[in-house]
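Structure first, then comments.
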Amino acid sequence: MLELKNLSVTLGNFHLHADLSIDAGSRVAIIGASGSGKSTLLSLIAGFLAPDRGQVRWQGQDITAALPGQRPVSVLFQDQNLFPHLTAAQNVGLGLRPDLRLNHGQRTRVSQVLAEVGLEGMEDRKPASLSGGQQSRVALARVLLRARPILLLDEPFAALGPALKSEMLDLLARIAGETDATVLMVSHDPADARRFAPLTIVIEDGRAHPPQPTGPLLDNPPPGLRAYLG
Ligand SMILES: Nc1ncnc2c1ncn2[C@@H]1O[C@H](COP(=O)(O)OP(=O)(O)OP(=O)(O)O)[C@@H](O)[C@H]1O
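Residue numbering for the sequence shown follows full-length UniProt numbering, starting at 1 and increasing by one per position.
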């Protein structure tokens, strides 16, 4: 279980508070207006940002003071997930060894995960020679290889067209299933939440609310969320 216990942070005039828990293996959407604190919440969990108060706990262990690299977490952003000067295989291989000194078995594993996301034979391509969808697949292959228990996604597929985006969400769901990951995904698109996440965290007025069932929430949104969804 991922627990945010009485967690709060202040950034200038902005305050965010969260007191909630998420069962291991859940898929949760995070929705809220622009500037409501969605990325801030992910940063607190990933360890990019330290809270003023409260704890982040995973499977009963306090990880509040752990450095980002020591946390059981992978993060995918909207872009800049790949290093442009490295090949697809190297970008994926970073998930195993940051110095890229991979042995034969590890290189084989990299090729396997690339094939699993539909990029067989593209090991040596650099990001500039891959389409947007293929670049997303490389980033997902690295997530698959790392197999960290918590996966945080900050609008990872926002730049892709609708058909490609739903393809990527399906691939993500498959990868999350294979790795048993607990997934938190920020999205501006309620259709993504419905498609991917049985539960949704609403962030409003400086508060991240406990996860609620996505369907009923979006069918009958509270006033603040209704105004945001339009
Ligand atoms: N380092 C900082 N110093 C001061 N304020 C900050 C800092 N970082 C973020 N903020 C403020 O915190 C608030 C929440 O930002 P955050 O990026 O979490 O919002 P968001 O919900 O992810 O927005 P968007 O949907 O536009 O990406 C914003 O008002 C932002 O200006």
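A virtual CB, placed ideally from N, CA and C, is assigned to each residue, including glycine.
Proximity below 8 Å, CB of residue i to CB of residue j
| i | j | result |
| --- | --- | --- |
| Ala66 | Gly95 | no |
| Leu229 | Pro221 | yes |
| Leu184 | Thr200 | no |
| Leu152 | Ile45 | yes |
| Val117 | Leu130 | no |
| Gly206 | Gly37 | yes |
| Arg194 | Gly215 | yes |
| Pro213 | Pro190 | no |
| Ala18 | Leu41 | yes |
| Leu160 | Ser187 | no |
| Leu119 | Gln134 | yes |
| Met1 | Gln59 | yes |
| Gly54 | Asn13 | no |
| Leu169 | Leu140 | no |
| Leu102 | Val110 | yes |
| Ala158 | Gln80 | no |
Nearest-angstrom Cβ-Cβ length linking residue i and residue j, presumed shorter than 8 Å
| i | j | result |
| --- | --- | --- |
| Arg174 | Val92 | Actually they do not touch by this definition, with Cβ atoms about 17 Å apart. |
| Ile203 | Thr182 | Not quite, the Cβ-Cβ distance comes to about 18 Å (not below 8 Å), so this is no contact. |
| Ser21 | Glu3 | 4 Å |
| Phe196 | Ala29 | 7 Å |
| Thr64 | Val56 | 5 Å |
| Asp52 | Ser8 | 6 Å |
| Arg84 | Ala50 | Arg is not the amino acid found at residue 84; the sequence shown has Pro there. 30 Å between Cβ atoms; not a contact. |
| Ala208 | Leu16 | 7 Å |
| Asp154 | Ser39 | 6 Å |
| Ala147 | Thr108 | So it is not a contact: roughly 16 Å between Cβ atoms. |
Where the beta strand (DSSP E) through residue i begins and ends
| i | result |
| --- | --- |
| Pro183 | Reading off the sequence shown, one finds Val at residue 183, where the question assumed Pro. Element bounds for Val183: Thr182 to Val186. |
| Leu225 | From DSSP, Leu225 is part of no beta strand (DSSP E) but of the alpha helix (DSSP H) over Pro223 to Leu229. |
| Leu199 | Leu199 to Glu204 |
Enclosing alpha helix (DSSP H) for residue i [first to last residue]
| i | result |
| --- | --- |
| Val9 | Looking at the DSSP string, Val9 is not in any alpha helix (DSSP H); the run it does join, the beta strand (DSSP E), is Leu2 to Leu11. |
| Asp189 | Neither: Asp189 is in no alpha helix (DSSP H) and is coded neither H nor E. |
| Val110 | His104 to Glu116 |
| Pro216 | Thr214 to Asp219 |
Which residues neighbour ligand 1 when neighbourhood means a C-beta less than 6 Å away from any of its non-hydrogen atoms? List them by chain order. Leu11, Gly12, Phe14, Gly32, Ser34, Gly35, Ser36, Gly37, Lys38, Ser39 and Thr40
Which runs of the alpha helix (DSSP H), 4 residues or longer, sit entirely within the stretch 21-99? 38-46 and 88-93
Please specify which runs of the beta strand (DSSP E), each continuous and at least 3 residues long, are wholly inside the stretch 119-175, giving them in chain order. 150-154
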